[in-house]
Amino acid sequence: MEVLDWPANSPILNSVEHVWGLLTRAVYRHGKQFQTVDELKDVIWDECGQLSPTNLESLTKSMPNRLCQVIQKFGGTTSY
1 MEVLDWPANS
11 PILNSVEHVW
21 GLLTRAVYRH
31 GKQFQTVDEL
41 KDVIWDECGQ
51 LSPTNLESLT
61 KSMPNRLCQV
71 IQKFGGTTSY
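In structure tokens, the structure reads:
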């Protein structure tokens, strides 16, 4: 098995980072400030249930293009 170099801390290759971004924008979209951790947790759980399966599928399907761009840019900045 050949071991490939992996770009250090490459969020564009980590779909979870994009999901966190979607979730963060949803939780704070109205500029809400939360008074308790439990209140924040409740909203996070509610917003998790509202994440679009289409968005999640799009993130998964875009991975081959992300990988190609990272390779083409030698690990540099991509359009993602």
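Letter by letter, the sequence shown follows residues 1 to 80 of our numbering. All C-beta atoms, glycine included, are put in the ideal place defined by N, C-alpha and C.
Taking C-alpha positions only, S15 is separated from T60 by approximately 7 angstroms. Around the Cβ of R29, a 10 Å sphere holds fewer than 16 other Cβ atoms; the residue is exposed. Nearest neighbour of V19 by Cα position, chosen from N55, E39, V43, F34, turns out to be N55. For R66, the secondary structure class from DSSP, reduced to helix, strand or coil, is helix.
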